[in-house]
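In our numbering, the protein residues as written are 77 to 489.
Ideal Cβ placement from N, Cα and C applies to all residues, glycine included.
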Amino acid sequence: MALKNYEHCCSTIQALASLGKIEGVIPLLHGPQPCSYQNQVGSMSCRPSQLLTAGTLINKSDVIFGGEEGLKLQIANIYKKYKPKVIVVINTCVPQLIGEDIDGVIAELKQKIPELKVTYAQTGFNFPRSMVLGSDVSWVSIVETFKHLDKTPGSIGIVGRAGQDAGNLAALEIPLKKAGLNTFVFPAPHIDEMERIVCAEHIYPIHVTPYLTCKKLDEEFNTESRYIEIPAGIEGTSRFLRGIADYEKCQKLHDIVDKEEKRVKPELENIRREFAKQKVRMLLVSGPANEVSIGKIIAEFGAEVFIVPAMKNKFMQQEKKIMEERYGATFIEEDFDTVEDLIQQYKPNVVQVEFQAQVETVPYFIPTLINMLYLCEYGYDYALDLGSNFFRILHRPIYEKWQLLMQTYGGLQ
Numbered sequence: 077m078a079l080k081n082y083e084h085c086c087s088t089i090q091a092l093a094s095l096g097k098i099e100g101v102i103p104l105l106h107g108p109q110p111c112s113y114q115n116q117v118g119s120m121s122c123r124p125s126q127l128l129t130a131g132t133l134i135n136k137s138d139v140i141f142g143g144e145e146g147l148k149l150q151i152a153n154i155y156k157k158y159k160p161k162v163i164v165v166i167n168t169c170v171p172q173l174i175g176e177d178i179d180g181v182i183a184e185l186k187q188k189i190p191e192l193k194v195t196y197a198q199t200g201f202n203f204p205r206s207m208v209l210g211s212d213v214s215w216v217s218i219v220e221t222f223k224h225l226d227k228t229p230g231s232i233g234i235v236g237r238a239g240q241d242a243g244n245l246a247a248l249e250i251p252l253k254k255a256g257l258n259t260f261v262f263p264a265p266h267i268d269e270m271e272r273i274v275c276a277e278h279i280y281p282i283h284v285t286p287y288l289t290c291k292k293l294d295e296e297f298n299t300e301s302r303y304i305e306i307p308a309g310i311e312g313t314s315r316f317l318r319g320i321a322d323y324e325k326c327q328k329l330h331d332i333v334d335k336e337e338k339r340v341k342p343e344l345e346n347i348r349r350e351f352a353k354q355k356v357r358m359l360l361v362s363g364p365a366n367e368v369s370i371g372k373i374i375a376e377f378g379a380e381v382f383i384v385p386a387m388k389n390k391f392m393q394q395e396k397k398i399m400e401e402r403y404g405a406t407f408i409e410e411d412f413d414t415v416e417d418l419i420q421q422y423k424p425n426v427v428q429v430e431f432q433a434q435v436e437t438v439p440y441f442i443p444t445l446i447n448m449l450y451l452c453e454y455g456y457d458y459a460l461d462l463g464s465n466f467f468r469i470l471h472r473p474i475y476e477k478w479q480l481l482m483q484t485y486g487g488l489q
């Protein structure tokens with residue numbers, strides 16, 4: 077398996093990180109102890125400390141005889157003790173490989189506890205090659221528990237990427253609501269707020285990730301999803317908001333965008349001048365799908381960007397076309413063995429990767445950004461802040477000094 081795949085981590089960790097952000101939901105990781113431990117630790121920085129997650133800890137006997145009874149008991153215990161709105165079983169590789177009947181477990185429990193809401197997300201073995209699918213399939217499992225609510229006339233919904241978006245979408249909510257558009261947001265900090273997405277008539281996904289979620293909402297709740305583009309960067313944000321303004325026939329939103337563009341364009345030009353002086357060739361390798369959104373921002377500043385995409389769904393294909401035509405971005409979709417191979421081929425002077433691949437950038441003394449630290453990248457001000465501080469956070473003088481030392485004393489050619 078090529079590095080570009082294992083860099084995504086397991087989709088299970090992203091499902092746990094996303095579901096663990098939502099109050100009223102308890103994710104239950106159904107898997108062996110090493111899986112549970114690694115995913116709990118790996119997602120800890122993404123989850124509020126006061127919210128609970130749980131696990132079943134499948135043992136050797138369960139692998140032979142099945143772990144359904146242990147799962148059944150754990151779900152019942154969690155519900156009895158905490159009374160969550162929804163329990164989501166995150167079904168990992170081992171129970172999938174031995175063919176456990178999770179549907180049967182859920183059906184039996186619902187007969188015994190009619191008020192129980194439990195569903196499951198199949199991550200891990202089903203999606204080992206794309207971490208970000210963990211969010212999408214976990215959102216689908218959540219949507220399956222929603223009730224049918226009356227549509228709110230003239231309302232819209234915005235659907236984000238991961239749990240990290242919950243409570244962090246003000247950059248888009250504020251202009252939409254100021255324009256008088258009744259707006260529902262998904263994900264949100266609480267499950268009850270998330271459920272109101274079914275009241276929206278039209279849905280506007282703000283990232284490439286939630287393709288399956290939008291499809292599920294359209295099929296089950298008669299919404300209409302319209303992908304415009306990721307609202308990242310100045311032009312991307314404006315085109316996204318203007319697209320909604322055109323669809324919803326909302327002149328006030330156009331007026332708000334006009335005012336915002338007048339505010340931000342002088343600073344954008346300053347950033348572009350700085351990028352013109354310090355040429356940037358940036359390689360962005362398969363992050364939690366932010367390789368396209370961060371790449372989009374940096375390309376707008378004038379950098380040359382090379383992107384290894386994390387997904388290939390319909391939304392990604394639309395975004396890819398936009399970035400190729402607007403900014404001349406290069407998408408790397410052929411297989412490769414290591415990030416080092418890409419560095420040698422494309423000669424970047426800035427790289428964005430996940431933690432696992434950073435060891436391969438170190439020998440080249442290339443300024444390296446960790447993509448998990450650059451999330452919630454929507455709106456005008458995020459782009460301006462990133463652009464204004466970009467060269468400062470690279471610490472280029474340090475890398476240049478090390479390069480000189482190695483060339484002088486270390487035999488680095």
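Does residue i pass the burial test, meaning 16 or more other C-beta atoms within 10 Å, or should it be called exposed?
i, result
"Phe407", "buried"
"Pro263", "buried"
"Phe222", "buried"
"Leu480", "exposed"
"Gln150", "buried"
"Tyr158", "exposed"
"Ile469", "exposed"
"Glu83", "Reliability of the predicted coordinates at Glu83 is poor, the pLDDT of 49 falling under 50, and no value is obtained from them."
"Asn447", "buried"
Quick check: what's the CA-CA separation for residue i versus residue j?
i, j, result
"Arg339", "Ile347", "14 Å"
"Trp478", "Thr437", "13 Å"
"Leu105", "Thr88", "9 Å"
"Lys188", "Leu147", "15 Å"
"Asp294", "Ile383", "30 Å"
"Leu288", "Ser206", "14 Å"
"Gln327", "Gly256", "10 Å"
"Val356", "His224", "50 Å"
"Leu192", "Glu184", "11 Å"
"Glu410", "Ile306", "24 Å"
"Gly19", "Ile178", "Residue 19 cannot be examined here, being either before or after the span of the chain that is shown, 77 to 489."
"Leu19", "Val333", "Residue 19 is absent from the structure shown; the chain starts at 77 and stops at 489."
"Asn153", "Lys397", "49 Å"
"Pro443", "Val427", "6 Å"
"Lys325", "Val170", "51 Å"
"Phe351", "Thr132", "51 Å"
"Tyr422", "Val208", "25 Å"
"Cys275", "Ile282", "18 Å"
"Asp241", "Ile267", "14 Å"
"Cys86", "Gly210", "8 Å"
"Ala197", "Leu92", "10 Å"
"Gly56", "Leu460", "Here the chain comprises residues numbered 77 to 489, so residue 56 is not present and cannot be evaluated."
"Met387", "Asp413", "18 Å"
Would you identify the three-state DSSP class for residue i, choosing helix, strand or coil?
i, result
"Pro385", "coil"
"Met207", "coil"
"Val284", "coil"
"Val340", "helix"
"Ser231", "coil"
"Glu295", "helix"
"Phe351", "helix"
"Pro473", "helix"
"Thr259", "strand"
"Glu380", "strand"
"Leu481", "helix"
"Thr132", "coil"
"Phe407", "strand"
"Lys186", "helix"
"Asn58", "This structure cannot settle anything about residue 58, because the visible part of the chain is limited to 77 through 489."
"Cys169", "helix"
Based on the DSSP output, what are the partners of residue i in its beta bridges?
i, result
"Thr195", "Val164"
"His330", "According to DSSP, which records beta bridges pairwise, His330 is partnered with nothing at all."
"Ile279", "Gly233, Ser301"
"Gln428", "Leu360, Leu445"
"Gly455", "Ala308"
"Ile102", "Ile163"
"His266", "Glu99"
"Phe412", "Its beta-bridge partners do not exist; DSSP assigns none."
Judging by CA-CA distance, which residue of the options is the nearest neighbour of residue i?
i, options, result
"Glu336", "Lys254, Asn153, Ala238, Met207", "Lys254"
"Glu296", "Glu409, Val216, Pro229, Glu453", "Val216"
"Pro439", "Asp417, Gly455, Tyr458", "Asp417"
"Ala308", "Thr299, Lys328, Gln327, Lys372", "Lys372"
"Glu401", "Lys388, Glu410, Val381", "Val381"
"Asn366", "Ala352, Pro342, Lys355, Glu395", "Glu395"
"Glu251", "Ala321, Gly378, Gln172", "Just to set this straight, residue 251 is Pro in the shown sequence, not Glu. That would be Ala321, whose Cα lies nearest to the Cα of Pro251."
"Asp457", "Glu350, Pro342, Met399", "Pro342"
"Gly455", "Leu95, Ser369, Ile446, Val181", "Ser369"
"Thr285", "Gly239, Glu277, Ile102, Leu329", "Gly239"
"Thr168", "Tyr155, Pro160, Val162, Val213", "Val213"
"Glu220", "Tyr485, Val165, Leu173, Ala93", "Val165"
"Gly363", "Glu269, Asn258, Glu453, Leu344", "Glu453"
"Asn244", "Pro229, Ile232, Gly230, Val261", "Val261"
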